[in-house]
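Enquirer:
There are 2 protein chains.
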Amino acid sequence: MPLGRWASVAHPEIDAVELDDVLHALADPTRRTIVRMLLAEGDRACGTFGLPVAASTLSHHFRALRKAGILRQYDEGRQRMNTLRLDELDARFPGLVSTVLDAAK
Amino acid sequence: MPLGRWASVAHPEIDAVELDDVLHALADPTRRTIVRMLLAEGDRACGTFGLPVAASTLSHHFRALRKAGILRQYDEGRQRMNTLRLDELDARFPGLVSTVLDAAK
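Protein chains in written order, with full-length UniProt numbering: chain C, 1 to 105; chain G, 1 to 105.
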């Protein structure tokens, strides 16, 4: 868990997270790659994913994942960090994230 | 399996079905209800689902499910029937449909 404060952006309570929003958020290969990297390697700053998409597009993807309750963002110095909400998601939608990631293999 | 012919509409080969399309198609409560009813009760004509949505909306939902490879449609007399492609989907995306349906409970 991060030591810094949550970024000044909205994070939905897990009970308010809708399945439809999670499915839409995971219905994109770049967003699934972000989730997979966070799952495999832990918290990570937005600028360090090395994905072949424009910064504005990447920003859109992080926002979609955050609004769907899939990740939290917090500020650490000048970096915006991302952390997966896997335990919360697994409690609310058992096995969903891993099943979707496996399906994409 | 149906005895009638497939309806004269496009059905993607299962290998051409994209995960993104399946997730988008399942990201809707009415479409999940259609899938759940087909799963529980077998093949069924479009007009017999008794869902509280307009016929045009329902038609849109069946089309979305068909294009995503989730169901097949065939004509039987004057009725358009629907059949779930569960075995094919489970071979391609193991456990995905049941995990999503369970998550919606």
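Where is the CB? At the ideal position from N, CA and C, for every residue including glycine. Computed from a prediction, not measured in an experiment: that's the story for all the values here.
With distances taken from CA atoms, which of D102/G, L101/G, R32/G, A104/G is nearest R66/G?
Expert: Residue mapping note: residue 66/G aligns to position 66 of the second sequence, counting from 1. It is R32/G whose Cα lies nearest to the Cα of R66/G.
Enquirer: Distance, Cα to Cα, R44/G vs V53/C?
Expert: Residue mapping note: residue 44/G aligns to position 44 of the second sequence, counting from 1. Residue mapping note: residue 53/C aligns to position 53 of the first sequence, counting from 1. Their Cα atoms are separated by approximately 44 Å.
Enquirer: Out of curiosity, what's the CA-to-CA distance linking S56/C and T30/C?
Expert: On the first sequence, position 56 is the one that residue 56/C refers to. On the first sequence, position 30 is the one that residue 30/C refers to. Going by C-alpha positions, S56/C is about 13 Å away from T30/C.
Enquirer: Can you check which of these residues, W6/C, S8/C, I14/C, is closest to D90/C by C-alpha distance?
Expert: Here residue 90/C is taken as the residue at index 90 of the first sequence, counted from 1. Closest option to D90/C, Cα to Cα, is I14/C.
Enquirer: Is there at least one Cβ from chain C nearer than 8 Å to H60/G's Cβ?
Expert: By 1-based counting over the second sequence, the position of residue 60/G is 60. Not closer than 8 Å to any Cβ of chain C, the Cβ of H60/G fails to qualify, so no.
Enquirer: Just verifying my parser: in three-state terms, what is the DSSP assignment at E18/C?
Expert: Position 18 of the first sequence, counted from the start, is the residue given in the question as residue 18/C. Looking at E18/C - three-state DSSP - the assignment turns out to be coil, as it is neither helix nor strand.
Enquirer: Sort E76/G, D75/G, E41/G, R80/G by Cα distance to L58/G and report the nearest one.
Expert: Numbered from 1 along the second sequence, position 58 holds the residue referred to as residue 58/G. Among E76/G, D75/G, E41/G, R80/G, the Cα nearest to that of L58/G belongs to R80/G.
Enquirer: Would A70/G pass as a contact of R85/G if the rule is Cβ separation under 8 Å?
Expert: If you number the second sequence from 1, residue 70/G lands on position 70. If you number the second sequence from 1, residue 85/G lands on position 85. One detail in the question is off: residue 70/G reads as Ile in this sequence, not Ala. Yes, the pair counts as a contact, with Cβ atoms nearer than the cut-off.
Enquirer: So, does the CB of H24/C fall closer than 8 Å to a CB anywhere in chain G?
Expert: Within the first sequence, the letter at position 24 stands for residue 24/C. For H24/C, the nearest CB of chain G lies under 8 Å from its own CB, placing it at the interface with that chain.
Enquirer: Find the residues of chain G that neighbour T99/C, judging by a C-beta separation of less than 7 Å, and give them in chain order.
Expert: Residue mapping note: residue 99/C aligns to position 99 of the first sequence, counting from 1. G95, L96, T99, listed in chain order.
Enquirer: According to DSSP, is L3/G helix, strand or coil?
Expert: Translated into positions along the second sequence, residue 3/G becomes position 3. Interpretation of L3/G is limited by its pLDDT of 49, a score under 50 that renders its predicted location unreliable; no figure is taken from the coordinates.
Enquirer: For chain C, is any of its Cβ atoms less than 8 Å away from the one on D28/G?
Expert: Within the second sequence, residue 28/G is the residue found at index 28, counting from 1. By this cut-off, D28/G is an interface position.
Enquirer: Using only alpha-carbon positions, find the residue among D20/C, N82/C, R78/C, L51/C that is nearest to L39/C.
Expert: By one-based count along the first sequence, residue 39/C stands at place 39. Of D20/C, N82/C, R78/C, L51/C, the residue nearest in Cα terms is N82/C.
Enquirer: Is A10/C close to chain G? Criterion is C-beta to C-beta, closer than 8 Å.
Expert: Position 10 of the first sequence, counting from 1, holds the residue named residue 10/C. Judged by the 8 Å Cβ criterion, A10/C is not in contact with chain G.
Enquirer: Which residues in the same chain have their Cβ closer than 8 Å to the Cβ of A104/G, if we skip the five residues on either side of it in sequence?
Expert: Here residue 104/G refers to the residue found at position 104 when the second sequence is read from its first residue. Within the same chain, A104/G has close Cβ partners P29, R32.
Enquirer: Can you pull the chain G residues whose beta carbon is under 7 Å from the beta carbon of A104/C, in chain order?
Expert: For the purposes of this step, residue 104/C is taken as the residue at position 104 of the first sequence. Per Cβ cutoff of 7 Å: L19.
Enquirer: Taking only the alpha-carbon atoms, compute the straight-line gap between D102/G and V17/G and give it to the nearest angstrom.
Expert: The residue given as residue 102/G occupies position 102 in the second sequence. The residue given as residue 17/G occupies position 17 in the second sequence. Going from the Cα of D102/G to the Cα of V17/G covers about 22 Å.
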